[in-house]
Amino acid sequence: MIIDCAVYRDGVRETTPDDSAALDAALAGLGTDDFLWIGIANPTSDELHRIAGPLSLHPLAVEDALEAHQRPKIEKYEDHTFMSIRTVSYSDDDITTHEVNIFLGPNYLLTVRHGGPELHGARKAAESMIEHLSHGPTAALYAVVDSIVDHYEDVATELETDVQEVESSVFSAQRSNDSTRIYRLKRETLEFRRAVMPLREPVHRFATVSAPERARPYFRDISDHLSRAAESIDSIDHLLDNALNAHLAQLSVQQNEDMRKLTAGATIFAVPTAIAGVYGMNFEHMPELSWTYGYPACLAVIGALCLYIYSRFKRSGWL
Amino acid sequence: MIIDCAVYRDGVRETTPDDSAALDAALAGLGTDDFLWIGIANPTSDELHRIAGPLSLHPLAVEDALEAHQRPKIEKYEDHTFMSIRTVSYSDDDITTHEVNIFLGPNYLLTVRHGGPELHGARKAAESMIEHLSHGPTAALYAVVDSIVDHYEDVATELETDVQEVESSVFSAQRSNDSTRIYRLKRETLEFRRAVMPLREPVHRFATVSAPERARPYFRDISDHLSRAAESIDSIDHLLDNALNAHLAQLSVQQNEDMRKLTAGATIFAVPTAIAGVYGMNFEHMPELSWTYGYPACLAVIGALCLYIYSRFKRSGWL
Amino acid sequence: MIIDCAVYRDGVRETTPDDSAALDAALAGLGTDDFLWIGIANPTSDELHRIAGPLSLHPLAVEDALEAHQRPKIEKYEDHTFMSIRTVSYSDDDITTHEVNIFLGPNYLLTVRHGGPELHGARKAAESMIEHLSHGPTAALYAVVDSIVDHYEDVATELETDVQEVESSVFSAQRSNDSTRIYRLKRETLEFRRAVMPLREPVHRFATVSAPERARPYFRDISDHLSRAAESIDSIDHLLDNALNAHLAQLSVQQNEDMRKLTAGATIFAVPTAIAGVYGMNFEHMPELSWTYGYPACLAVIGALCLYIYSRFKRSGWL
Amino acid sequence: MIIDCAVYRDGVRETTPDDSAALDAALAGLGTDDFLWIGIANPTSDELHRIAGPLSLHPLAVEDALEAHQRPKIEKYEDHTFMSIRTVSYSDDDITTHEVNIFLGPNYLLTVRHGGPELHGARKAAESMIEHLSHGPTAALYAVVDSIVDHYEDVATELETDVQEVESSVFSAQRSNDSTRIYRLKRETLEFRRAVMPLREPVHRFATVSAPERARPYFRDISDHLSRAAESIDSIDHLLDNALNAHLAQLSVQQNEDMRKLTAGATIFAVPTAIAGVYGMNFEHMPELSWTYGYPACLAVIGALCLYIYSRFKRSGWL
Amino acid sequence: MIIDCAVYRDGVRETTPDDSAALDAALAGLGTDDFLWIGIANPTSDELHRIAGPLSLHPLAVEDALEAHQRPKIEKYEDHTFMSIRTVSYSDDDITTHEVNIFLGPNYLLTVRHGGPELHGARKAAESMIEHLSHGPTAALYAVVDSIVDHYEDVATELETDVQEVESSVFSAQRSNDSTRIYRLKRETLEFRRAVMPLREPVHRFATVSAPERARPYFRDISDHLSRAAESIDSIDHLLDNALNAHLAQLSVQQNEDMRKLTAGATIFAVPTAIAGVYGMNFEHMPELSWTYGYPACLAVIGALCLYIYSRFKRSGWL
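Here's what the structure looks like:
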C-alpha cells in the first residue's frame, strides 16, 4: 500500500500521484535540489515492481525489500543505497521488531515498511528540518533512521527497568522462582541485539565515509546512539547472567536455611520421643515410675530440654 | 559417478559425453561466453583424475576434492578457484553435513558432491537465471552455493524450534531431565557452526574482491545469508547455555520444595508420635490416664495439632 | 549558570564579562597565544546558545552538551573538537557519574558541567602549568581531563577495597549471604565501565594523532591512566565473578556440613528410641524386664551407644 | 645424535659424512637445485655447534634449538628461517608433546628432534615427492611439517572419541563421578591447544607471504589442517565445558530423586510408628483395646495406609 | 639511592662519580660506541631530578619513574625511550611485583628500581655479552629486561605446580574446602597477568620496529618469552576456573553420598522402632504377646530385617 508520495522542492512539499507514468514525469521534472519521497507499507510485489522501474532499483534489493527477513544492513548498489533497519517496540517482557527497507537514490527516498509503527512522525520531523539541512534525500533518510534509532534507547531503558524489577525479586526476602523471567528477558535481549548490532558497523562507515560531507555529523550522531543502545544491551546481558547466578546462590542459601530448620525441628521432637520411650519401657524395677512426682518431673524435664534446644537453635539462627 | 556434463552456449544447454577426449574437444570449442558444467557425485579417484587433466586442475585441490574431509573454504589457484562447502540437513535433533567441492574455472564449473541431497534443483535454478546474468560459470556457481546456503537458514529455524521445545519443557511445572537434550542440541549446533563459520570470511572476500563486478551483489547476498545463519547459531548457542543454567535453577527450586515438604511431613508425624509416647510412659501417677475422656481428649488434641500444623504449612506454601 | 569566564594572555588570567557582545570583543582581541576559558554548570538552553554564536559551535554538539546523556566520546567538528567525559565518584557501594562536556576551539575552551564536583581544582592546576606548556587551550583541556581521569583510579582502588571486604566475608567461617553485595558491586562496576571504556580509543587517538605535537606526551599519560583504570575494572569484574562462584562453593560446603550434622543427630536420637521401643513391647516372656538391674543396664547400654556414636561422628568431623 | 646427513642432487640422495669439514665441502659443492638435509635427535651442545658454523646459524636460534622449551613459532633470521613445532601423541587420556626444531636455509634443511617419534617417514615421503616439487629444501620442510600436522587431526579425533565416552557416562542411568575425567581431558586439551594454536598465524603467513610461489598451495594446505585441528580443539573445549555443566545438572536431578525417596520412605515408616504409639498409650478407657479384633484391625489399617502411601508415591514417581 | 654509575668504553667498564657535573663531563666525553649506565634504587625526587638534567629526560617520564605505579609500557619520547616493567616473585601463594623504570637514551641507560630484587646479575650478564653485541645501551637494556622476563616463566611454573596441588586436593577422596585456595590462586594470577600482558604488544613492536636491526632477534626472543608466560597464565586461569567447577561437582557428589547414607540410616532405624511400637500396643487380644518365644522371635525378625536392609544398601553403594 503506497502511503505517501511527494516531491520536495526547496523544502516545500508537493503531493504527487503514485502511478508509474506520474513517477517518471516527477523524476524528470526534479531540479538539482529537489527530491521525491515515497512511503510504502506492507507492499505487494506488483506495487514495488511498478515503482522499481522508474527509480531503476536493483532487482536483488527489490527482492530483499519484499521478503522482510533481512539482516539489518546498508548496501551500496550502482545507482542507489539500500538500507534495512528494524523498528523495535517492547511491552510485557516482549520485544517486537518490524522491518523498514529504505532506498536512497540521488534524488529520491523510498521507504518500505513491513508492519510496525507509522513513519509519519519521522516525515514531519524531516519536513521541519529540511530547510536547515542540505536539501536532499539524505536529510529525509536521517529523519527516518533517527526516529527509529532514538526508540532503541527507550526500549533499552524499559528493559533496564524490568531487569531492576527482577533484581528486586531475586534479592527480596520472599521466595520466588525468577529463572523463568530472567530467561525470558535474556531471550528478548538477544532478539534486540540482533536488530541493533549488525547495524553498528555499516552506519559508522556510512557516517564517516559514504554520507555527504555536511550530513556526516548527523549520521555520526545516529552511530553514537546505536553505540549507546549496544552498550545498554551488553550491560543488560551481563546483569541478567549475574542475576541468574545470584538467584542460584539465593536458592542455595534458602535451601541451607530449610535444611537447618529441618535439623532443628527433628531434634526438638526427637527429645520427648526418646525420653518418653525410655519411661515406656516395661522393666519391673524402674524406681522413677513409682515416684509421686515422677510424671510431672518427667514432663518438666522434657519441656525444659525442648525449650533449651529451641532457644539454642533460635540464638544461632537455625530457626 | 558423473551425473551431468553439459555445455552452455548463450545460456542454452547442450549435453556432452564425459570422456577425456570429448572434454578436450568441448573445452576447445567453447566461445567466449560459453562454459562447461560438470556434476560428479561420490567420485572415484579415476573419474576425477580423468577430468583433472583437460581442466588442468591443481593436484592438491584434486586431492582435497577426493578426500571429503575439508574445512569449508575458498582457495585461489593459478588457473581456477576451489571451493569446499557443506550441505546441512537436520532431523530428530541430528545435524548431518555432506561435502560439496567446487572448481570454478574461466570457462567451466565442476561440482563434486560427497553424499547429501542432489544439486539438480540448483542446476535448474541456474539455467533459468543464466539469461539474466553475466553468462558465465560464476552464475552457475552462484546458483549452487545459493541453494546450499539458503538451506542453512531453514536448518537454523528448525533448531530454533527445537530450542523452544526444550525451553517449554524446562519451564513447565512438570519435572523433567532436560540436560541431555540441551547437551545434544548444543553438540549439533557446534557441528552446524563448523560448517557455516569458516565460510563467512572467504565468501565475504569473494563477494567484495574476487567475483566479477556484475556478480558481486549476488554473492554479497549469499554472504548476508551466511551472516544471518551465523547469528542464528550464536543466538541458539546462547539460549542453550542459558537454558541449561535455568534448568539448574529449576532443579534447585524443586529440591527446595521437596525439602520443605519433607520438613513439613516429618513435623506432622512427629507430633502424634511424641504425644503418644508421653502417654505410653509407665508412671504410676499419671492422672490423665484414669480420666474417662482422657483418651478421646488426647486424640482430639493430637488431631487438632496435626490440623493446625498442616494448615500453617499449607498457608505458607510448604505443602 | 556561567561559573567563570577569563582570558589567558601569556598565561596570565584576565576575568571577562560573559555576555555575547563581550565574548565577541574578547575573541576578536585575542592574540595568537591567548585563549578564552569559559566554565558553565548545569546550563540552560539560553545560556549555551548565547555563547554558541560567537564561538560558532556546531548545533549538534550544542544539543549534545545540553542533553547530558552522552556516551563518553571525542568528536572533531569543522571548527572545534567536542569531548564528552564523566566524573565518577563512589561511596557506599554506589557509583555516581556526572557529565562534563567540553568544546576545544583554536583559541577557547568551554567546559559544560552537569552536576558533579566543581572543576575549580583543575582550573588552578591548569593555571600553574600554563607557563610550562604550549600556552593554549589544549593545556587547559589537559588539566581538566587529567583531574577527572586521575579520580578514576581512586574510585577503582576504593572498589578494589570493597571487593576485598566481600572476599573476606565469603571466606570467613561465619555464614553470610554475600550474593546481594557481590551483585551490587558488579552492577556498579558495569556503570563505571561504561564511563571509562568508550573513552579509551578516542583519547588514545587524540594523544597519538590529533593533539599538538608538544602536548602529546601529556595526553598519552592520560591514555595510560585510562588503560590502568580499565585494567582495574576488568580485574574487579573477574574477581567478582570468581567470588560469586566461590560463594556458591562455600554454600555447598556449608550445606554438606549441615547434612552431616543432621545425619549424625538423627542417628544419635534413633538409638535410644529404638532400644526403648523394644523394651516397651508387651511380650509376656521378656526375661530382661524382671532383672533387678535390667533398667540401669539398659540405660547404660543406651548411654554408651550414644556416646560411642557421638565420638565416632565427632572424630570423623560430622559433628 | 646425528641421525642422517644427505645431499639431494636433482632429487637423488647421496649420503655424506657429518663432520664439519665434510659439511663445508658438501655445502661448497652444492649446485643451484641441490640441497643438504641433516637430521639430529636429542642433540648435545657440541654436536649442534659443530654444524652451526658451516651453516652459519644464528646463535640465538641455536640456543633455542638446544633448549627444547620453545613456543611453536616461525622466525626469519638473516640467513635462514627457524621453525619450532611439536609432535603430539595421545594415549590413555594423556597428551605428550615433543619438540622438533627446524632450520631452513637456502640450500639446506636441518631438523633437530627432542624425543618423540622418528621423522623417518617424513623423509621417505619427501624423497618420493621431491621430483614433483620445486627441487629444494622447502619441499623437504613441507614433508616434515605435513607429517607432524597430519597427526594433530588424528589426535583430535581420538580426543573426540574420549569426549564421547565421557558424554555417554554422564548421561547414562548409572551414577558416575565424571568430573575427574572431564577435568583431565580439559587439561590435556589445553596442552594440545598450546602446541597447535601459536603455529596457526605464522604458518598462514609463511603460506601466503614467505614461501616460494610454487610451494604456497602446499603450505596453505598445512595451514588448513592446522585450522581444522584448532576448530576441533575449540569444539572439544566447548563440549567438555557443557559436559561438566550437564554433569552438575545430572547430579542435581539424582539428588532430587534421593530426596524424594527419603521423603517417601520416612512417611511410610512414620505411619505405623505414630499409630502404634497411639495404641501404646496407657489410658484406662480406650475401648478399642478390649475389642476382640482390635489388634488385627489395627494391623490391617496400618498395612492399608502403608500400601496406599506406597502406591501414591510409586505412581507419582517418588519411589 | 644511586647504586652504580659506570661508563662502558668498547665494552670495558669505568666507574664514574654520580654528581651532576661529573655526569655532564662523562656524557660529553663519550665516544660513538661508548655509553653510560646508571642504576638507582628507591630514588628520592632530588636524586632523580639531579640526573634528569644532564640526560635531558622528559619531565613526565621522570614523574612516572618516581611514582612507581606505572602500567607496564614502552614509550618513545623525543630524546629517549621510557620503559616500565615489573619484577615478579612468588612464594606461599603470593605474587609480589616491584617496578623497574628504565630510560634508554642514545648513549646511556638509566634503571630506576623500586624495591624488589637487585639487578646486579643482569649487569654482570650484560657486561659479559657486551663484546658480542652491538656495543651500546640497547645491549644493556636487553640484559636487564631478559633477566626480568626470564623470571616470569619460573613464576608461571611455580604457579602451575600449585595449581596441580589444588587439583590433587580437589580430586582426592578426602573432603576438602578448596575454593578458598582456588580463589587465592586466581587472584594472584590476575595480578601476574597485569604485570605481563600490557608489555606484550609494546615489546613486540619494539622488537620488530624500534630496536636497532642487529638487536632485534634478541628482543624478539624476549617477546617470545613474554608470549610463553602469557600462555601459561591463560592456561592457569582456565585450569583454575575448571577446578572450581569440578570442585562444585565433587561437593555435589559428596552431598549425594551423604544424602543416601542419611536415607539408609533412617530406614534401618525406622524398622525396629515401628515393629517395637506395634508390640508396645496395649490391645488385650494380641496372641503373639503370650507366646513363649514371641520376644526372641520378634528380636530375630527385627535383626534379620535390619541386616537385610543394611546389606541391600551396602550392595547398592548407599552405605
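Which chain is which? The protein sequence lines are F, G, V, B and P, in order.
Read in order, the letters of the first sequence are residues 2 to 320 in this note's numbering.
Read in order, the letters of the second sequence are residues 2 to 320 in this note's numbering.
Read in order, the letters of the third sequence are residues 2 to 320 in this note's numbering.
Read in order, the letters of the fourth sequence are residues 2 to 320 in this note's numbering.
Read in order, the letters of the fifth sequence are residues 2 to 320 in this note's numbering.
Backbone N, C-alpha and C define an ideal beta-carbon position, used for all residues, glycine too.
Is it buried or exposed, residue i, if we count other Cβ atoms within 10 angstroms and call 16 or more buried?
i: residue 2 (chain V); result: exposed
i: residue 13 (chain G); result: exposed
i: residue 316 (chain F); result: exposed
i: residue 145 (chain G); result: buried
i: residue 215 (chain F); result: exposed
i: residue 251 (chain F); result: buried
i: residue 16 (chain B); result: exposed
i: residue 46 (chain F); result: exposed
i: residue 125 (chain F); result: exposed
i: residue 240 (chain B); result: buried
i: residue 313 (chain P); result: exposed
Tell me, which residues are paired with residue i by DSSP?
i: residue 74 (chain V); result: V:85
i: residue 95 (chain V); result: V:92
i: residue 50 (chain V); result: Paired residues: none, contrary to the question.
i: residue 115 (chain G); result: G:100
i: residue 16 (chain P); result: P:7
How far does the alpha helix (DSSP H) with residue i in it extend, from its first residue to its last?
i: residue 172 (chain G); result: 138-172
i: residue 272 (chain V); result: 217-280
i: residue 285 (chain B); result: That residue, residue 285 (chain B), is in no alpha helix (DSSP H); it is neither H nor E in DSSP.
i: residue 180 (chain P); result: 180-206
i: residue 65 (chain F); result: 60-68
Residues of chain G with a CB under 7 Å from the CB of residue i: which are they?
i: residue 286 (chain B); result: 293, 295, 296
Between which two residues does the beta strand (DSSP E) carrying residue i extend?
i: residue 40 (chain F); result: 36-42
i: residue 294 (chain P); result: First-last for residue 294 (chain P): undefined, no H or E at that position.
Can you pull the chain V residues whose beta carbon is under 7 Å from the beta carbon of residue i, in chain order?
i: residue 108 (chain F); result: Under the 7 Å cutoff, chain V gives no residues; its nearest Cβ is about 25 Å from residue 108 (chain F).
i: residue 225 (chain F); result: 72, 74
i: residue 180 (chain P); result: 247, 250, 251
Quick one: list the residues of chain P neighbouring residue i, beta-carbon separation under 7 Å, in chain order.
i: residue 222 (chain V); result: 61
List, in chain order, every chain B residue whose beta-carbon is nearer than 7 Å to that of residue i.
i: residue 104 (chain G); result: Chain B residues near residue 104 (chain G): none, gap ~14 Å exceeds 7 Å.
Along chain G, in chain order, which residues have C-beta atoms closer than 8 Å to that of residue i?
i: residue 192 (chain B); result: In chain order: nothing, as chain G lies at least about 21 Å away.
List, in chain order, every chain P residue whose beta-carbon is nearer than 8 Å to that of residue i.
i: residue 228 (chain V); result: 72, 199
Whose Cβ in chain V lies nearer than 8 Å to the Cβ of residue i?
i: residue 114 (chain P); result: The premise fails here: residue 114 (chain P) is roughly 20 Å from chain V at the closest Cβ pair, so nothing lies under 8 Å.
i: residue 57 (chain P); result: Residues of chain V passing the Cβ test: none, with the nearest at roughly 14 Å.
Name the chain F residues that come within less than 9 Å of residue i, Cβ to Cβ?
i: residue 209 (chain V); result: Under the 9 Å cutoff, chain F gives no residues; its nearest Cβ is about 18 Å from residue 209 (chain V).
i: residue 187 (chain V); result: 239, 240, 243, 247
List, in order along the chain, the chain F residues whose C-beta lies closer than 7 Å to that of residue i?
i: residue 290 (chain V); result: 283, 284, 285
Cβ closer than 8 Å: which chain F residues qualify as neighbours of residue i?
i: residue 195 (chain V); result: 232, 236
Please name the residues in the stretch 243-260 of chain P whose beta-carbon is closer than 9 Å to at least one beta-carbon of chain V, in chain order. 245, 246, 248, 249, 252, 253, 255, 256, 259, 260
Could you list the residues in the stretch 295-316 of chain F with a C-beta less than 9 Å from some C-beta on chain V, going in chain order? none
Closer than 9 Å, Cβ to Cβ, to anything on chain V: give me those residues from the stretch 267-280 of chain P, in chain order. 267, 269, 270, 271, 272, 273, 274, 275, 276, 277, 278, 279, 280
Of the residues that make up the stretch 28-49 of chain G, which ones have a beta carbon closer than 9 Å to any beta carbon in chain F? none
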